[in-house]
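A.B. asks: Its first residue numbered 1, the sequence shown is counted upward by one per residue in the UniProt record's numbering.
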Amino acid sequence: MIEWNEWSEKVIEREHGKIYFYRELYEGNHSQIFSRAKDLIEKGEIVDIIGEKQIKTINVRSPYIVANICKLIPEIPATLVSRSIGKIKSSIKSTDEQNEAANESSDEIIDGPRGDAADNRIENLQDEIIQQIAKNSNLRFEHWSNIVQHQVDGGIVAVPWKDERGIRIDFKKRDVYFPHEDGLGADLAYDRKIAGHDYLHVYRERWDKTDLETEHMLFRVKEGNRTEPVEDAEAIELLGLEQLKTIFMGRSRPFIQYWANEKTMSFPLGTSALKGQESKQEEINWTLTRAGITFERNGKPRLTVPQKTFEEAQDKAYERYKNENLIDHRDFEITTYDEQGKALALVQIDTTKIGDMTWVKELVQAMLIETKTSQKAVDFYMDGGAPAQSGVAKFYDLFVSIIKAENIQAEYIYLLQQLFESCLWLANQDDPAIIIEEPEITLNGMMPVNRKELVEENNKEYTDGTASLETTVRRNNPHASEEWIQEELARIEEGAQGDDTVSLLAGRQTLGNLQDNRDKELVTEDDEEVDENV
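(1) Nearest-angstrom Cα distance between Ile122 and Ala102?
(2) What did DSSP end up calling Tyr64 once you bin it into helix, strand or coil?
(3) From the DSSP output, which residues share a beta bridge with Arg192?
(4) Identify every run of the beta strand (DSSP E) within the stretch 401-477, keeping only runs that are complete inside it and at least 3 residues long; order them along the chain.
(5) Who are Gln257's beta bridge partners in DSSP?
(6) Going by CA-CA distance only, name the one from Ile441, Ala78, Arg491 that's closest to Arg475.
(7) In the DSSP assignment, find the unbroken alpha helix (DSSP H) run with Glu27 in it and report its ends.
(8) DSSP three-state call for Phe399: helix, strand or coil?
(9) Please return the same chain residues whose Cβ sits closer than 7 Å to the Cβ of Asp232, not counting the five positions on each side in sequence.
(10) Rounded to whole angstroms, how far is the Cβ of Arg251 from the Cβ of Trp425, which I believe are closer than 8 Å?
(11) Since Thr287 contacts Glu6 with CB under 8 Å, what's their CB separation in whole angstroms?
(12) For Cys423, collect the residues of the same chain with a Cβ closer than 7 Å to its Cβ; drop the 5 residues on either side in sequence, then sort them by chain order.
(13) Measure how close the beta-carbons of Glu437 and Glu421 come, nearest whole angstrom, since I'm counting them as under 8 Å.
(14) For the stretch 268-308, list the alpha helix (DSSP H) runs that are entirely contained and at least 4 residues long, ordered along the chain.
(15) Start and end of the alpha helix (DSSP H) containing Thr373?
(16) Using C-beta distances below 6 Å, list every residue in its chain close to Asn458, excluding the 5 sequence neighbours before and after it, in chain order.
(17) Got a sec, what are the start and stop residues for the alpha helix (DSSP H) Thr79 sits in?
(18) In chain order, what residues of the same chain have a beta carbon less than 7 Å from the beta carbon of Asn146, not counting five sequence neighbours either side?
(19) Helix, strand or coil for Val11? Go by DSSP, reduced to three states.
(20) Do the stretch 252-272 and the stretch 148-155 meet, that is, are 3 or more Cβ pairs less than 8 Å apart?
(21) DSSP has Gly166 in a bridge; who is on the other side?
(22) Between Thr304 and Asp331, what straight-line distance do the alpha-carbon atoms span, to the nearest angstrom?
(23) Looking only at its own chain, which residues have a Cβ that is under 8 Å from the Cβ of Glu324, when we skip the five neighbours before and after it?
(24) By the three-class DSSP mapping on this structure, what secondary structure does Ala480 have?
(25) Quick check on DSSP: helix, strand or coil for Trp207?
(26) With distance defined between alpha-carbon atoms, name the residue in Ile65, Ile109, Arg83, Ile33 nearest to His479.
(27) Determine the DSSP secondary structure at Ile92, reduced to helix, strand or coil.
(28) Going by other Cβ atoms of all chains shown within 10 Å of its Cβ, with 16 needed for buried, is Leu368 buried or exposed?
(29) Checking contacts by CB at 8 Å: is Ile434 closer than that to chain B?
(30) Pull up the distance between the alpha-carbon of Glu312 and that of Ile46, whole angstroms please.
(31) Is there contact between the stretch 70-79 and the stretch 91-102, where contact requires at least three CB pairs shorter than 8 Å?
(32) From Glu97 to Ala433, what does the alpha carbon distance come to, in whole angstroms?
(33) Return the Cβ separation of Tyr203 and Leu188 in integer angstroms, given the expectation that the two are a contact with Cβ distance under 8 Å.
(34) Determine the direct distance from the alpha carbon of Gln375 to that of Asp383, and round the result to whole angstroms.
Structure below.
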């Protein structure tokens, strides 16, 4: 297990590598991490408009230009995946017996008025518990940021939590995660500021075949980043906990869930999606900044005059200001031709030739290829917008990005299901009526589709018998509330009942009930035997 004798950024970097560098790369603080940029800023050649310390420029006022391609690389898959995550609902339909068996613990978990009011009754225990966990976790607003952080850092960590705020899922950056070497435990380490003092709070989990043990430890951070353990009684008081150790009988898996990006045997904690892109990003910035400096120095129009005309202007400047360098521009508004027919000439360089934009585009393309990002996803911003396309055409344009996003989506859904299962496990400890399960997560399309195409596609699946009515309604109305969906299903089913009440009393219409269910054969007057009771 880990011995927490010191705590600093070096401890984190030994475990997680250059995560702080990649965060600066994503945020666009490139003038603080690239050597050529820092050198030019110190010499006063360019201005760092981002940095706090401004150095007065000596030559020109050209800014350090940042074209942050490293921002697009994590955000494109995050946008595709986050918009595809729909509602989370139970895979089990709660029975009336299960709802009635729910005790006060479940009632306290679920928000609602207390007492015997209609809004206080539990109608579907499993769904209401799962929805409450999602609300406590503010989950709808976390998907995008979770995936971006996962791509930038190379992994994120999440853990179910239960306190006075209810049962929820906490997502953390990977730099708090420290797995044990034997693979049977993990620590989460947090910086804490309590009563003006610096502390290290460590949450530890150890598991075996039968039980899971959790423990909270508190260390006081002293000079030189050395740590000193805090006594248990004091730690309980400072952390506001009832106890530091808890044993969960029958739990053989951890609550802590770590999600690595592109995990390999060499990098079991995953690698950043920006790994290896820093040199190309720096070259892009350098090329654009160099072009900006060239334009600043040479892009402005300049006048060229014959030598004799220039000497006359210097003489006039000396007469006026006693300084021949203070030439008044008004002296050039009216001038004469010299003996060769030369006069004032306006000279300006061709600004389209400044810089090497072809080289920049090649670097951008190389970055997109290495990070499995579709070039078309970036072209939407570069080529004046995207033309009107069908969903199929968009799919093939974004094919590479979609393949990458689908893999991320599958892993993220599995992570969420494991976390919800752990939350239900915690809830089950207080109320056995709650069933431990992995909930269903509804998926929406990654690419935006117009309303007409969406409805036609979903309705076709329903008519073909490959999707249920409820699934079709949910897909057609991805943002509708659960109550609205149930009401809509009831309205559709009610409208589909075209039978009259008389026939329904006798069952579905058949040839027999169309004849009023007569037991005897109906005969006419021409027949020899006539039923007198008819």
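Yeah, the Cβ is synthetic: ideal placement off N, Cα and C, and Gly gets one too.
C.D. replies: Let me spell this out:
(1) 8 Å
(2) coil
(3) Tyr199
(4) 440-443
(5) Ala158
(6) Ile441
(7) 19-27
(8) helix
(9) Leu244
(10) 7 Å
(11) Contact doesn't hold; Cβ gap of about 43 Å is too wide.
(12) Ile133, Pro160, Ile167, Ile169
(13) 7 Å
(14) 278-298
(15) Counting along the chain, Thr373 falls outside any alpha helix (DSSP H), and DSSP gives it neither H nor E.
(16) Thr472, Arg475, Asn476
(17) 69-82
(18) Ile156, Phe171
(19) helix
(20) yes
(21) Asp163
(22) 14 Å
(23) Gln314, Asp315, Ala317, Tyr318
(24) coil
(25) strand
(26) Arg83
(27) coil
(28) buried
(29) The chain labelled as chain B is not found in the depicted structure, where only one protein chain is given.
(30) 37 Å
(31) no
(32) 9 Å
(33) 4 Å
(34) At Asp383, the pLDDT of 49 sits below 50, so the modelled position is not reliable and the matter cannot be decided from this model.
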